[in-house]
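Those letters in the first sequence? Residues 1 to 278, per the UniProt record's numbering, in order. The beta carbon of each residue, even a glycine, is placed where N, CA and C say it ideally should be. Worksheet: one structure, shown below.
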Amino acid sequence: MWRRQARNLGVSLVFVMVATGLWYTQERDYRDRLSWMGVPTWEVLSPTSVHRVLRNDGFLVGWSDVRVNPLWVSYTLQTVDDPRAGPRPDFQRDWRTLWPIAADSYFGSGYDRGHLAPNYAIATVHGRGAQQQTFLMSNISPQRPDFNRRLWQRLEEVVIDHFAPRFGTLQVVTGPVFPERFLDNVLNRVGLVEIPEAFYKIIVVPADQPVALAFLVPQNVRGNEPLDRYVVSIDEIEARTGLNFFPNLPEGAARVLEGQVRTQGWELEKVARLPSRF
DNA sequence: TTTTGTGT
1 MWRRQARNLG VSLVFVMVAT GLWYTQERDY RDRLSWMGVP TWEVLSPTSV HRVLRNDGFL
61 VGWSDVRVNP LWVSYTLQTV DDPRAGPRPD FQRDWRTLWP IAADSYFGSG YDRGHLAPNY
121 AIATVHGRGA QQQTFLMSNI SPQRPDFNRR LWQRLEEVVI DHFAPRFGTL QVVTGPVFPE
181 RFLDNVLNRV GLVEIPEAFY KIIVVPADQP VALAFLVPQN VRGNEPLDRY VVSIDEIEAR
241 TGLNFFPNLP EGAARVLEGQ VRTQGWELEK VARLPSRF
């Protein structure tokens, strides 16, 4: 009798291992397609940096159930000949998040529901389904109106309208930065959702000799500041977030790409002072 | 064409 049970258990174990292997292989393929040199990982095992990856059409989300925020989103952009975005969908709850964050969870807070993977760029490059998923609340962080509608909108517009045509293909990783003080983390929230003090955006031209441009912008901007004021190294963003970006990049290449600020070739001066649309 | 809140 016990032999048959042992055999059944063995068959079940093999089945689970094969299924897990297949799932893992497929999941890794999907992540590799959507994220150059690997999705961000955390440097140290702390509750505030642990996250899990949510798959969407066209973009990945590194979701934290502790911050109740995406810690990063990752997506590629290409030049599109005839860019078209459908009408703005409604914001939607994402049932994959542990916490109930509804479309109206930000009402009356004074904060905007700020997209991390942006509506317009994702819509034009990755299509309607991907656009709808940018309106999942798992892709949203609390952003001050002057930040979201003015400076951050200008930056997103520069990425899709200037950088993408200039370089053809881009890898973008963007996300929030939180205050260092623990009490601020606990108390500074819109409902359950922690309020970031800044946001970062990393733009990479994925080539044999990759180049990168990174921004770190505080929430309290007026909105008309020149964008080049906020250029930083990727190392600085890693220090502020505790994340490791592009973990599959060889160490020597990472030192060059992440350790220094190189704005040559981006023609930032042409786009840093464009007026805001709103 | 590209961001939102408003309040039911």
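Just so you know, the alpha carbons of R28 and E156 end up roughly 28 Å apart. Counting other Cβ atoms within 10 Å of its Cβ, G62 reaches 16 or more and is therefore classed as buried. The criterion of a C-beta distance shorter than 8 Å is satisfied by F167 and V205. Scanning the segment 191-228 for uninterrupted beta strand (DSSP E) segments of 3 residues or longer gives 198-205 and 211-218, listed from N- to C-terminal end. In chain order, V271 place their CB closer than 6 Å to the CB of V158, counting only its own chain and leaving out the 5 sequence neighbours on each side. The three-state secondary structure of V159, taken from DSSP, is helix. Within a 10 Å sphere around the beta-carbon of M17 sit fewer than 16 other beta-carbons, which makes this residue exposed. Around the beta-carbon of G175, 16 or more other beta-carbon atoms lie within 10 Å, marking it buried. Just measuring C-alpha positions, the residue of E236, R240 and F215 sitting nearest R229 is F215.
With respect to the C-alpha of A198, the residue from P210, N148 and P40 having the closest C-alpha is N148. DSSP lists no bridge partner for H126.
For F135, no beta strand (DSSP E) segment is defined, and its DSSP state is neither H nor E. Close CB contacts of A103 within its chain, under the 7 Å cut and outside five residues either way in sequence, are with D90, F91, Q92, R93 and M137 (chain order).
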